[in-house]
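The sequence shown begins at 799 in the numbering used here and counts up by one.
We treat Cβ as the ideally placed atom computed from N, Cα and C, and that holds for glycine.
What you are looking at is a predicted structure, and each value in this text was computed from that prediction instead of being measured.
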Amino acid sequence: MVRHYQQQTGEKDLIQTLGLDGKSDIDKIASILFAVIVGSILSSLTVLQNLPGPEIVRWSVTWLLAFAPYGYLALGLSFPAVLQRLLIQIFRAVDPAYRERLLYHEAGHFLVGYLVGMPVQSYSADAPINAVQFYPLAGLPQEIKQRSRNTEIPPESVKRNAKEEEEMSIEKLRQLWTKINQDPNGPTRRAVEEGAAIGRRGALSLDQLQRLTVTSLAGVMAEVVQLGEGEGGYADLVQLQNFLYFCEQRLTDQQQQEYVRWGAVQAFTLLEVRRAELAALVEAFRRGASVPECLRVIEETHRQKQSSQQQKK
């Protein structure tokens, strides 16, 4: 499967193939900036020549339009998350292929998160911010915890560390996870400081970090499986870096890079053998299915696939 992963991603650099260098986002920002500049020039000239009324009004509107590119740059520097949401909405509205990519990206997070035992809380595939959110494992009812262990990842990679989880109060852990999940670029600095103040450096055991690593990279790996290469990996990598900060054990730069490579291969492996489930989940996203319905679609598709394979034998 690793060899298949290498064949699928080609000879290009892993960072480029997974879109972890942010080049795709930079290209989108640059193309929109070019459009804003051209539109600003054309509209300001049109207003200057054709807008009726007092000359002061015409000149004021012209100058406002002429400075639109600077407003665009200021928005990106001051409120990058707002600009990111705006760009997502623009490209989703004008590019059907981009809408399809977003669906597969979020479906990848959803499917792999479910497979490695992350209980899915909600998802949004057509909101200003696309996201899949998961319940924190600590503090859940025992029956939900038990179901979350029904995973097809090797057991040694997902064992729970109950002793470490008990060191933090359930309420503090919930607050921490909420801040991580709500911020598309990872936890805020305040959340990091609160995490350190709880009593130890991180809130995540190595086993939990393994689940989060695979789930974080599953979105871009779903793009690779379906479309051949990824574009939306940079934001996921930023969030993963914040998860690495919360790890109970300090990781070197080399170890962090190995986690990224390992997580990419694991996510690719899970998605490659579950193409049917991924496609069915995307269709469920398209019709706005609820989380329980999406989970039912995954299970039913898997059963149908197994039944078909047994009949062929």
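Cut-off 6 Å between Cβ atoms - residues of its own chain near Ile-835, not counting five sequence neighbours on either side = Taken in chain order, the residues that qualify are Pro-867.
task = Entirely within the region 867-926 and at least 3 residues each: give me those beta strand (DSSP E) ranges in chain order.
result = Taken in chain order, the unbroken stretches of beta strand (DSSP E) that lie wholly in the region 867-926 and span 3 residues or more are 918-922.
ask   = Three or more C-beta pairs closer than 8 Å, one from the region 1007-1023 and one from the region 904-923: is that the case here?
value = Yes: the two stretches touch, three or more of their Cβ pairs being nearer than 8 Å.
key: Whole-number beta carbon distance between Val-910 and Leu-1069, since they are thought to touch under 8 Å   = That belief holds up - the Cβ atoms of Leu-1069 and Val-910 are roughly 7 Å apart, short of 8 Å.
ask   = So, helix, strand or coil for Ala-1087, using DSSP?
value = DSSP, read as helix, strand or coil, puts Ala-1087 in coil.
query = Taking just the CA atoms, how far does Leu-885 sit from Lys-826?
reply = Distance between the alpha carbons of Lys-826 and Leu-885 is about 8 Å.
query = Using DSSP with H/G/I as helix, E/B as strand and the rest coil, what is Leu-849?
reply = The answer is coil: DSSP assigns Leu-849 none of H, G, I, E or B.
ask   = Are the beta-carbon atoms belonging to Leu-1038 and Ser-1014 less than 9 Å from one another?
value = Annotated as proximal: Leu-1038 and Ser-1014, with beta-carbon spacing under 9 Å.
message = For Ile-824, would you say it is in contact with chain B, using Cβ-to-Cβ distances shorter than 9 Å as the test?
response = The chain inventory of the structure shown lacks chain B, comprising one protein chain alone.
Helix, strand or coil at Val-836 [DSSP, three-state] = Reduced to three states, the DSSP call for Val-836 is helix.
message = Closer than 8 Å to a non-hydrogen atom of the ligand MN - does that hold for the CB of Gly-837?
response = Of the ligands one can find in the structure shown there are none, so the ligand MN has no counterpart to examine.
request  = For Gln-931, name the three-state secondary structure that DSSP assigns.
outcome  = Per DSSP, reduced to three states, the secondary structure at Gln-931 is strand.
request  = Evaluate contact between the region 900-907 and the region 1018-1037, counting only Cβ atoms and requiring at least three cross-stretch pairs below 8 Å.
outcome  = With three or more CB-CB distances shorter than 8 Å, the region 900-907 counts as touching the region 1018-1037.
task = Examine the Cβ distances between the region 1048-1068 and the region 1089-1103 and report whether three or more of them are shorter than 8 Å.
result = Touching, no.
query = Just how far apart, CA to CA, sit Gln-1104 and Arg-1048?
reply = In this structure, the straight-line span from the alpha carbon of Gln-1104 to that of Arg-1048 is close to 42 Å.
task = Out of Cys-1092, Val-1012 and Ser-841, point me to the one whose CA is closest to Leu-1035's CA.
result = Ranking the options by Cα distance to Leu-1035, first place goes to Val-1012.
task = Grab the span of the alpha helix (DSSP H) containing Leu-1002 for me, first residue to last.
result = Counting along the chain, no alpha helix (DSSP H) covers Leu-1002, and no H or E run does either.
ask   = So Gln-1052 is in the alpha helix (DSSP H); what residue range does that whole segment cover?
value = Per DSSP, the continuous alpha helix (DSSP H) segment holding Gln-1052 begins and ends at 1051-1070.
message = Tell me the rounded alpha-carbon separation between Ser-1088 and Val-1095.
response = Looking at the backbone, the Cα of Ser-1088 and that of Val-1095 are separated by about 10 Å.
task = Take the Cβ of Ala-1065 as the centre, count every other Cβ of all protein chains shown within 10 Å, and call the residue buried at 16 or more, exposed below.
result = Answer is buried; the Cβ neighbour count reaches 16.
key: Those residues which DSSP pairs with Cys-1045 across a bridge   = Bridge partners of Cys-1045: Leu-1002.
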